[in-house]
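Structure, as structure tokens:
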Amino acid sequence: MLKKSIGWLSKARGLHAKGKRGDGGDGGDGGDGGDGGDGGDGGDGGDGGDGGDGEDGGDGGDGGDGGDGEDGGDGEEKSLSCLPCLPCIFSKH
Numbered sequence: 001m002l003k004k005s006i007g008w009l010s011k012a013r014g015l016h017a018k019g020k021r022g023d024g025g026d027g028g029d030g031g032d033g034g035d036g037g038d039g040g041d042g043g044d045g046g047d048g049g050d051g052g053d054g055e056d057g058g059d060g061g062d063g064g065d066g067g068d069g070e071d072g073g074d075g076e077e078k079s080l081s082c083l084p085c086l087p088c089i090f091s092k093h
């Protein structure tokens, strides 16, 4: 019991004081950075080109044949009731 009393007194007086503790260790490394965001959507495709011009229409057909000529009229008959004289020759007779 005497030994315990002396130990207690020694500790109280600081005869058996412990040395200073060492410095704490360095902190751990920081965590890795997060992943980058997704890329944006691609742009819309361009409009299609205009269609080409249509081909020209073909030439028109040939015109039809001309109609048949009219028949000639009937000839006039001359009356022979009289002998022709100069006025009759130059008239309708």
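Just so it is clear: in the sequence shown, position 33 is 33 by full-length UniProt numbering, and no numbers are missing.
For each residue, glycine too, the CB sits at the ideal point set by N, CA and C.
Bear in mind the structure is a predicted one, so any value in this text is a computation, not a measurement.
Checklist entry - From G34 to G19, what distance separates their C-alpha atoms? => result As a working mapping, residue 34 is identified with position 34 in the sequence shown. As a working mapping, residue 19 is identified with position 19 in the sequence shown. Rounded to the nearest angstrom, the two C-alpha atoms are 45 Å apart.
Next on the checklist: Under DSSP, the alpha helix (DSSP H) around C88 begins and ends at which residues?
Outcome noted: Residue numbering aside, residue 88 sits at position 88 when the sequence shown is read from its first letter. Here the alpha helix (DSSP H) through C88 covers L86 to I89.
Checklist entry - When the Cα atoms are used, what is the spatial distance from S91 to G69? => result If you number the sequence shown from 1, residue 91 lands on position 91. If you number the sequence shown from 1, residue 69 lands on position 69. Going by C-alpha positions, S91 is about 29 Å away from G69.
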